[in-house]
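So the structure is just underneath, and the comments pick up after that.
2 protein chains.
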Amino acid sequence: VIQAYGLEKRYSIGDSEVRALDAVSVQVRRGEMLAITGPSGSGKSTLMNILGCLDSPDAGTYLLDGDDVAKLSGDRLAAIRNRKIGFVFQNFNLLPRLSALENVELPLLYSAHRDAKTVARKALESVGLGNRLHHETNQLSGGQLQRVAIARAMVTNPAIILADEPTGNLDSHAGGEIMELFHSLNAQGRTIIIVTHDPSVARHCRGEVRISDGKIVATVRHNPV
Amino acid sequence: VIQAYGLEKRYSIGDSEVRALDAVSVQVRRGEMLAITGPSGSGKSTLMNILGCLDSPDAGTYLLDGDDVAKLSGDRLAAIRNRKIGFVFQNFNLLPRLSALENVELPLLYSAHRDAKTVARKALESVGLGNRLHHETNQLSGGQLQRVAIARAMVTNPAIILADEPTGNLDSHAGGEIMELFHSLNAQGRTIIIVTHDPSVARHCRGEVRISDGKIVATVRHNPV
Ligand SMILES: Nc1ncnc2c1ncn2[C@@H]1O[C@H](COP(=O)(O)OP(=O)(O)OP(=O)(O)O)[C@@H](O)[C@H]1O
Ligand SMILES: Nc1ncnc2c1ncn2[C@@H]1O[C@H](COP(=O)(O)OP(=O)(O)OP(=O)(O)O)[C@@H](O)[C@H]1O
Ligand SMILES: [Mg+2]
Ligand SMILES: [Mg+2]
């Protein structure tokens with residue numbers, strides 16, 4: 023479902039150049055659960071943003087379900103971001119003045135979903151936040167905010183979930199619950215890509231791609247745990 | 023150096039009450055390195071904010087170096103926050119339009135420090151960001167932002183460092199380097215309190231306080247690793 027070839031992403035700061043991605047190629051089959059790992063600053067979020075159609079590479083090709091993403095219209099890309107892909111951001115990207123429930127129903131309001139509040143409530147209950155629905159973002163703990171971001175990414179029933187370090191603020195129990203949730207979403211046929219620093223999260227995934235300094239340095243097959 | 027007795031913190035949302043802290047008492051000796059652990063939402067950040075003089079409890083007493091914090095003037099509290107305590111925030115709290123270097127030198131500018139840029143640069147080098155000094159916060163990875171927050175907390179040479187989940191966005195190598203840094207700061211006599219979800223970080227600390235649902239449920243002594 024995802025075919026990326028030769029992705030390049032460069033930044034210039036002053037007179038030095040950062041090669042955030044260097045000739046990166048990734049293939050992900052439909053229904054796969056893949057981990058992306060690597061040191062801090064190695065290019066994982068940069069890759070995820072390109073796969074999530076939030077950013078475009080300086081070179082290389084990205085085919086999503088056979089479409090060349092670089093050739094799609096703005097409208098088509100927006101539709102893909104809203105309905106095909108659910109993105110859990112590393113820094114959550116929640117709206118500060120809104121409650122957990124309001125944040126999670128937001129993607130549904132764009133498509134005038136009839137039961138937005140009910141669907142949003144169930145998503146929050148599935149991440150253990152049924153008793154925090156009306157707390158605003160400044161009234162929630164770091165790990166609760168992370169779980170609101172996870173709930174929001176699931177709520178449009180996306181075919182692809184991209185999760186950028188979804189358990190960094192969670193204790194091992196809450197982290198384990200999130201991995202079970204991802205497993206059940208994957209069992210429904212969704213494609214799941216998880217950036218993680220946690221080896222136990224990576225072990226849960228059938229495949230693992232390791233990135234270092236903007237390059238893919240290894241592709242690993244795990245026996246499922 | 024830290025003596026807290028019977029701390030209470032309550033919030034009202036709608037008609038329900040959240041007891042974020044419930045009769046919490048903690049004593050920390052000078053030069054100790056202590057971990058605070060517990061599930062997401064259990065009250066760790068709430069406790070850290072009170073210990074860091076950023077928030078006040080609804081009940082209970084907090085003595086810092088023998089002073090009753092509730093009785094100190096606004097000026098005295100500001101001086102303590104700027105010079106005695108270095109705080110690494112769970113959500114970093116960096117200034118968006120500023121570079122890594124500018125963020126880290128900010129606490130030094132308040133006290134008109136003569137060599138602010140040099141001290142800030144060395145702090146960033148000590149967390150592996152010597153080649154990212156001039157990147158602004160939106161040009162840094164999640165783990166790089168976390169390390170900028172750590173550098174900023176060290177730069178005023180504080181006697182007490184409070185770090186709220188300082189390795190959540192770091193791979194195990196970078197996380198290990200941060201723990202070595204904390205160890206060397208502790209060896210210089212500084213008191214270090216680390217909130218963490220990472221058992222390997224907790225094992226590095228001589229003592230561990232476990233919190234659940236706003237209450238302290240265990241105090242553990244580790245043999246040093
Ligand atoms: N807008 C930008 N301008 C300049 N450099 C950037 C920009 N965005 C990212 N970088 C650099 O590109 C590199 C890769 O960043 P990226 O966020 O993809 O890393 P990461 O693997 O997600 O790291 P982490 O595990 O710390 O989140 C980093 O070294 C970062 O400093
Ligand atoms: N301003 C507030 N209003 C209402 N409830 C709050 C407020 N701040 C925190 N809470 C609640 O108090 C509890 C403790 O929050 P705290 O941030 O201390 O948790 P934590 O242990 O740091 O969690 P995490 O590991 O997820 O960061 C949480 O359940 C949270 O929802
Ligand atoms: Mg990242
Ligand atoms: Mg917290």
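Chains as they are written, first to last, in this note's numbering: chain B, 23 to 247; chain H, 23 to 247. Yeah, the Cβ is synthetic: ideal placement off N, Cα and C, and Gly gets one too.
Using a beta-carbon distance below 7 Å, is B/Ala196 in contact with chain H? By this cut-off, B/Ala196 is an interface position.
Return the residues of the region 163-192 of chain H that lie within a Cβ-Cβ distance of less than 9 Å from chain B, sorted by chain order. Listed in sequence order: Ser163, Gly164, Gly165, Gln166, Leu167, Gln168, Arg169, Asp186, Glu187, Thr189, Gly190, Asn191, Leu192.
Taking only beta-carbon atoms, is H/Gly36 less than 7 Å away from chain B? H/Gly36 counts as touching chain B.
Between B/Ser78 and chain H, is there a C-beta pair that is closer than 7 Å? Taking Cβ atoms only, chain H never reaches closer than 7 Å to B/Ser78, which makes this a no.
Can you give me the C-alpha to C-alpha distance between H/Val170 and B/Gly63, rounded to a whole angstrom? Roughly 13 Å between the two C-alpha positions.
Contact with chain B by H/Gly152, beta-carbon distance below 7 Å: Residue-level contact check: H/Gly152 does not touch chain B, since none of the beta carbons of chain B fall below 7 Å from its beta carbon.
I'd like the list of long-range same chain contacts for B/Leu192, defined as Cβ closer than 6 Å, with 5 residues on each side in sequence excluded. Counting only Cβ-Cβ distances below 6 Å, and skipping sequence neighbours, we find Gly165.
Quick one: give me the first and last residue of the alpha helix (DSSP H) that B/Asp186 is part of. DSSP places B/Asp186 outside any alpha helix (DSSP H); the residue lies instead in the beta strand (DSSP E), whose first and last residues are 182-186.
Whole beta strand (DSSP E) runs in the region 29-88 of chain H with 3 or more residues, listed along the chain? Entirely contained in the region 29-88 of chain H, the beta strand (DSSP E) runs reaching 3 residues are, in chain order, 38-50, 55-59, 81-86.
Would the beta-carbon of B/Gln49 be found less than 6 Å away from any heavy atom of ligand 3? Because no heavy atom of ligand 3 lies under 6 Å away, the Cβ of B/Gln49 does not count as near it: no.
Between the C-alpha atoms of B/Ser121 and B/Ser148, what's the straight-line distance to the nearest angstrom? So the alpha carbons of these two residues sit roughly 17 Å apart.
Compute the minimum distance between the beta carbon of B/Gln112 and the heavy atoms of ligand 3, and state whether it is under 6 Å. At least one heavy atom of ligand 3 is found less than 6 Å from the C-beta of B/Gln112.
Residues near H/Asn208 by beta carbon distance below 6 Å, same chain, minus five either side: Answer for H/Asn208: Met55, Ile214, listed in chain order.
What does DSSP give as the partner residues of B/Lys237 in its beta bridges? Its beta-bridge partners are B/Ser234.
When you compare the region 71-91 of chain B with the region 27-39 of chain H, are there three or more beta-carbon pairs, one atom per stretch, that lie closer than 8 Å? Contact fails: fewer than three Cβ-Cβ distances are below 8 Å.
B/Ile107 versus B/Asn245: straight-line alpha-carbon distance, rounded: Distance between the alpha carbons of B/Ile107 and B/Asn245 is about 27 Å.
Proximity below 7 Å, CB of B/Glu230 to CB of B/Val242: Cβ atoms of B/Glu230 and B/Val242: closer than 7 Å.
Runs of 4 residues minimum, wholly inside the region 97-182 of chain H: which ones carry the alpha helix (DSSP H) assignment? The region 97-182 of chain H contains these whole alpha helix (DSSP H) runs: 122-132, 138-148, 164-176.
Assuming B/Val217 is part of the beta strand (DSSP E), what are its boundary residues? Run containing B/Val217: 213-217, per the beta strand (DSSP E) assignment.
Give the DSSP bridge partners of B/Asp90, in chain order. Bridge partners of B/Asp90: B/Leu85.
From H/Ala196, H/Gly74, H/Thr68, H/Phe204, pick the residue whose C-alpha is nearest to that of H/Val15; which is it? The structure shown has nothing for residue 15 of chain H, since chain H only spans 23 to 247.
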